[in-house]
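What follows is one structure encoded as structure tokens, with my remarks underneath.
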Amino acid sequence: MTATLPVLTPKDFASDQEIRWCPRCGDYSILAQVKKVLPTLGIPKEKFVFISGIGCSSRFPYYVDTYGFHTIHGRAPAVATGVKTARPDLDVWVITGDGDALSIGGNHLMHMLRRNVNLKVILFNNQIYGLTKGQYSPTSPLGAKTKSTPYGSIDNPLSPLAYAIGSEATFVARSVDVDIKHLTMVLERASKHQGTAFVEVYQDCNVFNHDAFLYATDKEVKGDNLLYLEHGKPLVFGAKTKKGIRLNGATPEVVELGNGITEDDLLFHDEKSADPSLAFLLSRFKHPAFPEPVGIFRQVDAPIYDVEVNKQMQSELAKKGQGDFDKLFNSGDTWVVE
Amino acid sequence: MSSTEVLNPQPSPGSDKRREERDSVVIRFCGDSGDGMQLVGTQFTNVSASFGNDVSTLPDFPAEIRAPQGTLAGVSGFQLNFSSQDIFTPGDEVDTLVAMNPAALKTNLADLKRGGTLIVNLDEFDKGNLQKAGYETNPLDDGDLVQKYHVHKVPMTRLNRDAVSGLGLSMKEQDRSRNLFALGLVYWLYDRDRGVTEQWIQDKFKKNPTVVEANLRALRGGFNYGFSTESFTTHYSVPKARLAPGKYRKITGNEAVAWGLAAAARLAGKTLFFGGYPITPASDILHSLSEMKHFGVRTFQAEDEIAAMASVCGAAFAGEIAVTASSGPGICLKGEAMGLGVMTELPMIIVNVQRGGPSTGLPTKTEQSDLLLSLFGRNGDSPIPVLAASSPGDCFYLMLDAVRIAVEFMTPVVFLSDGYIANGSEPWNIPKFSDLKKIEVTHPTGRPAGVEGSPDDFLPYLRDEKGARPWALPGTPGLEHRIGGLEKADITGNVDYSPGNHHKMVMNRMNKVAGIANYIPLQTVEGPESGDLLVISWGGTYGAIRTAVLKSIAAGKSVAHAHLRYMNPFPRNLGDIVKKYRKVLIPELNSGQLRLLIRGNFLVDAVGFNKIQGKPFLVSEVVRKIDEILAN
Chain A
1 MTATLPVLTP
11 KDFASDQEIR
21 WCPRCGDYSI
31 LAQVKKVLPT
41 LGIPKEKFVF
51 ISGIGCSSRF
61 PYYVDTYGFH
71 TIHGRAPAVA
81 TGVKTARPDL
91 DVWVITGDGD
101 ALSIGGNHLM
111 HMLRRNVNLK
121 VILFNNQIYG
131 LTKGQYSPTS
141 PLGAKTKSTP
151 YGSIDNPLSP
161 LAYAIGSEAT
171 FVARSVDVDI
181 KHLTMVLERA
191 SKHQGTAFVE
201 VYQDCNVFNH
211 DAFLYATDKE
221 VKGDNLLYLE
231 HGKPLVFGAK
241 TKKGIRLNGA
251 TPEVVELGNG
261 ITEDDLLFHD
271 EKSADPSLAF
281 LLSRFKHPAF
291 PEPVGIFRQV
301 DAPIYDVEVN
311 KQMQSELAKK
321 GQGDFDKLFN
331 SGDTWVVE
Chain B
1 MSSTEVLNPQ
11 PSPGSDKRRE
21 ERDSVVIRFC
31 GDSGDGMQLV
41 GTQFTNVSAS
51 FGNDVSTLPD
61 FPAEIRAPQG
71 TLAGVSGFQL
81 NFSSQDIFTP
91 GDEVDTLVAM
101 NPAALKTNLA
111 DLKRGGTLIV
121 NLDEFDKGNL
131 QKAGYETNPL
141 DDGDLVQKYH
151 VHKVPMTRLN
161 RDAVSGLGLS
171 MKEQDRSRNL
181 FALGLVYWLY
191 DRDRGVTEQW
201 IQDKFKKNPT
211 VVEANLRALR
221 GGFNYGFSTE
231 SFTTHYSVPK
241 ARLAPGKYRK
251 ITGNEAVAWG
261 LAAAARLAGK
271 TLFFGGYPIT
281 PASDILHSLS
291 EMKHFGVRTF
301 QAEDEIAAMA
311 SVCGAAFAGE
321 IAVTASSGPG
331 ICLKGEAMGL
341 GVMTELPMII
351 VNVQRGGPST
361 GLPTKTEQSD
371 LLLSLFGRNG
381 DSPIPVLAAS
391 SPGDCFYLML
401 DAVRIAVEFM
411 TPVVFLSDGY
421 IANGSEPWNI
431 PKFSDLKKIE
441 VTHPTGRPAG
451 VEGSPDDFLP
461 YLRDEKGARP
471 WALPGTPGLE
481 HRIGGLEKAD
491 ITGNVDYSPG
501 NHHKMVMNRM
511 NKVAGIANYI
521 PLQTVEGPES
531 GDLLVISWGG
541 TYGAIRTAVL
551 KSIAAGKSVA
561 HAHLRYMNPF
571 PRNLGDIVKK
581 YRKVLIPELN
591 SGQLRLLIRG
601 NFLVDAVGFN
611 KIQGKPFLVS
621 EVVRKIDEIL
631 AN
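First to last, the sequence lines map onto chains A and B. Going by my numbering, the first sequence wraps up at 338, each residue one higher than the last. Going by my numbering, the second sequence wraps up at 632, each residue one higher than the last.
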């Protein structure tokens, strides 16, 4: 018997709660794209669960009309692991930010990624603590002047994607909040991945850190500052001049095409590579020395934690039959008192 | 003496040895942590339990896996009390002490009663070991020792090597069975049937026939040594106990917790999710449950205590009987996520196997000092029901209650055990699974009609007559809703910071938990209904305090005993009970945590008796305290 699924639209995923993000916050765009992608997945609405930690982005579950759990700071990956392990039939999405995922929740993120729990993570990276009103975050660049670093940050920042790839995440991608088409494509790809799909989104906190990603969003310059990854294609970028990435030994370098340099000389993208080295190399590209790659860095298949947990349970059940408590209680040494 | 003489004591000089009957005997095996003392203690317990004695045990092991050999820090012990009577404690004083080295003698001798039997492995009392134990002279040469105790200096290492010689084992391998030689000797001394242990050896080492043979020879060697040597003139028998009729097994507290959890999930028609992180002395719960997958148990060894608790919140939201187990330091880390459980009003169990604190404290020693942590160790007014098991077997039944309360009232429940209950064991009258009461769980399947709010809305914080909110499971069409740690609006569950709502919601949560008092058993009292003294206890001190009170009653004193299992809320008649006695005494293995609660709740001038040494109460010290209070 096949049940016909009702046709859903983004509106069906709008909750009745008033959205309380600041006007022009990058979160609005991400919410809109997620609501656009969800109805296309052929999954009944009641099967979605959105789980978040603490921070501006973590209000997200209140704004989608699915099951949702706004948990505690940094722990959304662990809560989500509990949900998904218990109920593999649910489609679980973790919503987090740079402080939530990488500072207070860094440990949980690493372990969820290495276990390859079958869920999606969207990390809203705005390089600032917004909800607490403007302290530097683990992704804020050196020198960033914030409320807690009035003389500039001396705290070496972390690359979310390098962290994810180092934890052997099986799906790693990046997009930009205002790049609607690209973000939609990345979310669609993530939603179809089996295993943990980790997506970093450059998100504008227009109140506390509006300048952070202008290089990646300003139409005048972004062509030279972003590199759109495509599987099997050479790494090319550049608005006016066509440029590419070439390996010089093990070191990447930016080259202009022409004058004897062709696309064949460039590094080609391979998101399916079992070896995460290329994806890691790409995750290290930082503006302004390099264009920053967006798109799918890595997408490989690996055993999935929740699937394996339930497989093991089923195989024990098949081997031993459903556990019999009377048999268990009476196992080992027993004796009778008359 | 040659090995043949040990193994075949012909002619038998032992046949005319005296046999005396005893009601109760306390034995303690102690040695280096590598000497296998826990193993021989467990074997002796099994043999005695299968014979029909009542038994109670107290394992005591060092925090370090292998502290330097021969040192005081490395001493591991196992005490058991076996009896023809009902017993509730592993015993105050030791009748027979087996010390495998000088360090073990030094740390344990004080507990051996005057006139008791001391068996030492003479071969280990060499200069090096004496020095490591801090002895300047050999205590075995001390005339005082022989005066006070029946001392048997047995060259166990040598005798055992003789017994197992010819099997092609290295010296080190030979010495590994020394503990079984000691066990065999004590089996003879207490007239035990060694068949149970012989069978165990054959099963355990069946892949290695040489090891089977060595262990059997060691065990028999020790037994025959007792039989044939002139050092032992008497041996003892302890008749069967008169326990309630039924089929029995031995059970430890941690086993009973694991089984209780799995059974509760089955009784609720659900599967069990256990999220945990290894910690002494709670890890065995994780171990037991991870073997029970075919009982519908999923175990998740999380990256830390916080993640374990958070995963439990997730699994509870997803509809599981969700549980974590830890000990003090781990519970501290779980505090924030437990608060999330309180705010989201999801059912879950938090087992705390208490150990000595604060901080890392005394990881392998018992204490009951997390009562106030359980009640108050979270931010905000954060009420959680707290139950405390009184013995290993009680863990099973109380756990069924804990799960029932969690799902009926939609609340986290803290289940308190302790190191003493967790590792200790007692005979357990095996229940029939079909006799256990079902646990009712309901999940809404559609939108309730005719309630407040928009007719289309599911109302996740609409309460039933017990104050519980509905447990709507993800995957149910039409009941999509959001929960979280922010304050909830009454009924709708939307985020709401308004002053009146917060006050109301705090009181809703407080009243819901307080109301559980109407659904738990009334407090019972053993002894007179009113009188001079009420002794109140809770948790693992049950056995010692009950025994002490019964002794005092038998001595004609006006004393009664109330043992609490429900710590929050208290049984609703407790306030009346405490006022019926002239004085109230609360012995605890902490500095007075229950006393604070009893005084605060009932305005009675309760007196404490507090022992904070990582050790359980002795019956005698409680009796003395009772006498002292009654004398004033």
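Glycine included, every Cβ here is placed at the ideal spot set by N, Cα and C.
Supposed contact pair residue j and residue i - C-beta distance, whole angstroms, cut 8 Å
i      : j      : result
B:V196 : B:N46  : 6 Å
A:D89  : A:C56  : Not really, about 30 Å apart at Cβ, beyond 8 Å.
A:A169 : A:F198 : 5 Å
A:R114 : A:S167 : 5 Å
A:P39  : A:D12  : 7 Å
Buried/exposed call for residue i, threshold 16 Cβ in 10 Å
i      : result
A:L229 : buried
A:D16  : exposed
B:F125 : buried
B:Y581 : buried
B:F376 : exposed
A:I154 : exposed
A:S315 : exposed
B:K512 : buried
B:A337 : buried
A:L31  : buried
B:P13  : Annotation note: pLDDT 46 at B:P13 (below 50); position unreliable, no value reported.
B:S228 : buried
B:H563 : buried
B:Y497 : exposed
B:L522 : exposed
B:R114 : exposed
Residue nearest to residue i in terms of C-alpha spacing, selected from the options
i      : options                           : result
A:N156 : A:R246, A:I95 and A:S140          : A:S140
B:N494 : A:K45, A:V7, A:E308 and A:I19     : A:I19
B:E345 : B:K132, B:K466 and B:F82          : B:K466
B:V285 : B:A258, B:L398 and B:K432         : First, the amino acid is wrong: residue 285 of chain B is Ile here, not Val. Nearest of B:A258, B:L398 and B:K432 to B:I285, Cα basis: B:A258.
B:F88  : B:D394, B:P68 and B:N508          : B:D394
A:F50  : A:T40, A:I43, A:S159 and A:Y63    : A:Y63
B:G608 : B:R546, B:S537 and B:N573         : B:S537
A:W103 : A:W93, A:F285 and A:L123          : It is worth fixing the name first, because residue 103 of chain A is Ser in this sequence and not Trp. It is A:L123 whose Cα lies nearest to the Cα of A:S103.
B:R220 : B:N179, B:V342, B:H235 and B:G260 : B:N179
A:V83  : A:T96, A:G97 and A:G68            : A:G68
Contact under 8 Å by Cβ, residue i with residue j
i      : j      : result
B:A214 : B:L183 : no
A:Y215 : A:N225 : yes
B:G540 : B:S369 : no
B:P385 : B:N568 : yes
B:E367 : B:G380 : no
B:V353 : B:P281 : yes
B:P477 : B:E426 : no
B:K557 : B:P587 : no
B:L371 : B:L594 : yes
Residue-level contact to chain B via CB, residue i, 8 Å cutoff
i      : result
A:V294 : no
A:T170 : no
A:G166 : no
A:G82  : yes
Chain A within 8 Å of residue i, Cβ atoms only
i      : result
B:L7   : Only weak support is given to the placement of B:L7: the predicted model assigns it a pLDDT of 37, under 50, and the value that follows is read from those uncertain coordinates. Not an interface residue.
B:M292 : yes
B:C313 : yes
B:K250 : yes
B:T411 : no
B:V164 : no
B:G335 : no
B:R28  : no
Heavy atom of the ligand NAD within 7 Å of residue i beta-carbon
i      : result
B:G356 : Among the components of this structure there are no ligands whatsoever, and the ligand NAD is therefore not found.
Interface partners of residue i on chain E, CB under 9 Å
i     : result
B:S50 : Annotation note: the requested chain E is absent from the structure, which comprises protein chains A and B.
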